[in-house]
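Engineer: With my numbering applied, the sequence shown closes on residue 1145, and no number is skipped along the way. Yeah, the Cβ is synthetic: ideal placement off N, Cα and C, and Gly gets one too. Owing to the predicted nature of the structure, the values given are computational and were not obtained by experimental measurement. Can you keep this structure in mind? I'll have questions shortly.
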Amino acid sequence: MLRRRVSRLAGLIGAICVASVSSAHHSSTTFYDYDNFIEFEGEVTRVLWRNPHVQFSIMRTLEDGTREEWLADSASVNSLQRGGFDRQLVSEGDAVRVYGPVSRQGLKAIRAINLMLPSGQEYLMMAGQGVGFRWSEDAQRVRGGQLPVPEAADGAAEPEGIFRVWSPGTDIRTLERAAMRPLALTEAALARRDAWDPLVDDPGLACTQQGMPGIMMNPFPIQFIEGDGVILLRTEEWDVERTIHMDPSAEPPAESSHLGFSAGRWEGNTLIVETSLIGWPYYDDRGTPQSPDVHVVEHFTLSDDATRLDYVQTATDPANFPEPLVDEFFWIWVPGEEVKPYECALWEPADSSGNN
């Protein structure tokens, strides 16, 4: 019974993303109270090593002997692996110490920012959240800071222009602040957003692929691939692949879709993309509504030395936005980086074999 309760709890918060930059990353401040941090020790009873978040079920023993099972929510598999934290570092039965903000909804859940393993090694699991090392000087920063930079393969061809993999350059805290900033909305839009329940209405809870424009604002790599009359834009988060039509004669489809119809053109070193026919109900991951008439214009500007890609996104939707909403972001080129599979998976009850 306890296991089933923990499974339901994990399902409720399993789609929280590291940052909402409007999206693509759900704002952890929606689910966790960053004014209420706690610390406790316990025994790991289960590990879910899957996207969108690695999660640990931890049995905590209180001073009166009462035992409580908590869910510790961390970063994505991809982010942890890039920072040097692998699955074999933590196992069921390990005694760990965890520190982070607790659930705003009164659930026995914590955002695991600091984690200490039985070896005494401390890991800063969510660097960029305004929290430093807590228990030791010999700690490892898993996210943020200066992560290992992949090296280009010997003899690898230099990428041309925009057509390569780009890594996020905007830090997590900046993305969080952008996600939580006040938006100019109509009264009707405000009412709809206020009625949105992140524990029920968030499409990410069902691993539903996010739509435009929120999918573009996320802390994961993206990739541009040149095709015949089109540019393919891949985002690591949610395994999305957008098609940007570069042929002016390309006909839009008869029906809308969650990514919409994108038409692009070049102006110097800037790729301008206009997207319409977006059949996705949310501007971001906070439940901000958008209508089928929303129109999104994106500017991708390559720096002179081709190592940075600046991004400006402008969304126009008079039914919900009295004025256009603008987001800015940038990526950097990290030689050797790749877009990894995301493969979102929900927390499932443990089977009889103990597999996770």
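Could you tell me the distance, in whole angstroms, from the CA atom of H1034 to the CA atom of L988?
Structural biologist: 36 Å
Engineer: If you run the structure through DSSP and keep just helix, strand and coil, what is Q870?
Structural biologist: helix
Engineer: Under 8 Å, do P957 and W1120 count as touching if we go by C-beta distance?
Structural biologist: yes
Engineer: For the pair the region 1034-1045 and the region 1100-1112, tell me if three or more CB-CB distances fall below 8 Å.
Structural biologist: no
Engineer: Work out the CA separation of I1067 and E1044 for me, nearest whole Å.
Structural biologist: 9 Å
Engineer: Taking C-alpha atoms, which residue in Q999, V1123, G921 and Y823 lies nearest to A898?
Structural biologist: By alpha-carbon distance to A898, the top candidate from Q999, V1123, G921 and Y823 is Y823.
Engineer: On the three-pair Cβ rule with 8 Å, is the region 974-994 touching the region 1019-1026?
Structural biologist: Pairwise C-beta distances place the region 974-994 out of contact with the region 1019-1026, as fewer than three of them are shorter than 8 Å.
Engineer: For V1085, tell me which candidate among A1095, Y1100, S1092 and L1135 has the shortest Cα-Cα distance.
Structural biologist: Y1100
Engineer: Would you kindly report the start and end of the unbroken alpha helix (DSSP H) that includes R1075?
Structural biologist: Taken as a continuous stretch (DSSP letters only), R1075 belongs to no alpha helix (DSSP H), as it is neither H nor E.
Engineer: Check the C-beta distance from E852 over to T834 and give it rounded, since I have them as a contact under 8 Å.
Structural biologist: Going by Cβ atoms, the distance from E852 to T834 rounds to 20 Å, so no, they are not a contact pair.
Engineer: For M905 and chain D, any beta-carbon pair shorter than 8 Å?
Structural biologist: The question asks about chain D, but that chain is absent: this structure has only one protein chain.
Engineer: In chain order, what residues of the same chain lie with their CB nearer than 6 Å to the CB of S1046, ignoring the 5 residues before and after it?
Structural biologist: Once the five neighbours on either side are set aside, the close Cβ partners of S1046 are G1068.
Engineer: Once DSSP output is grouped into helix, strand and coil, what is the label at W1027?
Structural biologist: helix
Engineer: Have a look at D1073, Q1079 and W1055 and flag the residue whose alpha-carbon is nearest the alpha-carbon of E1087.
Structural biologist: W1055
Engineer: Between G1199 and the rest of its own chain, which residues show a CB-CB distance below 7 Å, the 5 nearest in sequence each way excluded?
Structural biologist: Past the edges of the chain, shown from 790 to 1145, lies residue 1199, and the structure says nothing about it.
Engineer: Please say whether L896 and N903 have beta carbons closer to each other than 8 Å?
Structural biologist: Not in contact: N903 and L896 (Cβ atoms no closer than 8 Å).
Engineer: Is S1046 helix, strand or coil when you go by DSSP?
Structural biologist: strand
Engineer: Return the CA-CA distance between L1098 and W1122, expressed in angstroms with no decimal places.
Structural biologist: 8 Å
Engineer: Only counting the same chain, and skipping five residues up and downstream in sequence, which positions put a Cβ closer than 7 Å to that of L1060?
Structural biologist: Cβ-Cβ distances below 7 Å link L1060 to I951, G1053 and F1089 in the same chain, with the five nearest sequence neighbours on each side left out; the list follows chain order.
Engineer: What residues in its chain sit with their C-beta under 6 Å from that of A813, if we drop five residues either side in the sequence?
Structural biologist: For A813, the pLDDT reaches just 35, beneath the cut-off of 50, and the residue's location in the model is therefore unreliable, although a value from the coordinates is still provided. Excluding sequence neighbours, A813 sits near Q999, G1003, I1004, M1006, N1007 and E1026.
Engineer: What are the complete alpha helix (DSSP H) segments, minimum 4 residues, inside the region 876-926?
Structural biologist: none
Engineer: Using the three-state DSSP reduction, which class does A861 fall into: helix, strand or coil?
Structural biologist: strand
Engineer: Among P907, E1112, G889 and F1013, whose alpha-carbon lies nearest the alpha-carbon of G921?
Structural biologist: G889
Engineer: Going by beta carbon distance, what residues of the same chain come within less than 6 Å of W985, once the five residues before and after it are set aside?
Structural biologist: G1076
Engineer: Give me the Cβ distance between S865 and N840, rounded to the nearest whole Å; I'm assuming they're in contact under 8 Å.
Structural biologist: 5 Å
Engineer: Starting from E976, follow the alpha helix (DSSP H) in both directions and report where the run begins and ends.
Structural biologist: E976 to D983 is the extent of the alpha helix (DSSP H) around E976.
Engineer: Do V1102 and V1115 have their C-beta atoms within less than 8 Å of each other?
Structural biologist: With the sequence shown as reference, residue 1102 is identified as Gln, and Val is not the correct amino acid for it. In terms of Cβ geometry, Q1102 and V1115 form a close pair [threshold 8 Å].
Engineer: Note down, in chain order, each residue of its chain lying with its Cβ closer than 7 Å to the Cβ of D943, except the 5 sequence neighbours on either side.
Structural biologist: Here the model assigns D943 a pLDDT of 49, short of 50, so the residue's position is not dependable, and the following value carries that caveat. Within the same chain, D943 has no close Cβ partners at all.
Engineer: Mind checking who P1037 pairs with in its DSSP beta bridge?
Structural biologist: Beta-bridge pairing links P1037 to no other residue.
Engineer: In the DSSP assignment, the beta strand (DSSP E) including T1172 goes from what residue to what residue?
Structural biologist: Outside the displayed range of the chain (790 to 1145) lies residue 1172, so it cannot be described from this structure.
Engineer: CA-CA distance, D1073 and Q1079?
Structural biologist: The alpha-carbon atoms of D1073 and Q1079 are separated by roughly 9 Å.
Engineer: Put M1001 into one of helix, strand or coil per three-state DSSP.
Structural biologist: coil
Engineer: According to DSSP, which residues form a beta bridge with P957?
Structural biologist: W1120
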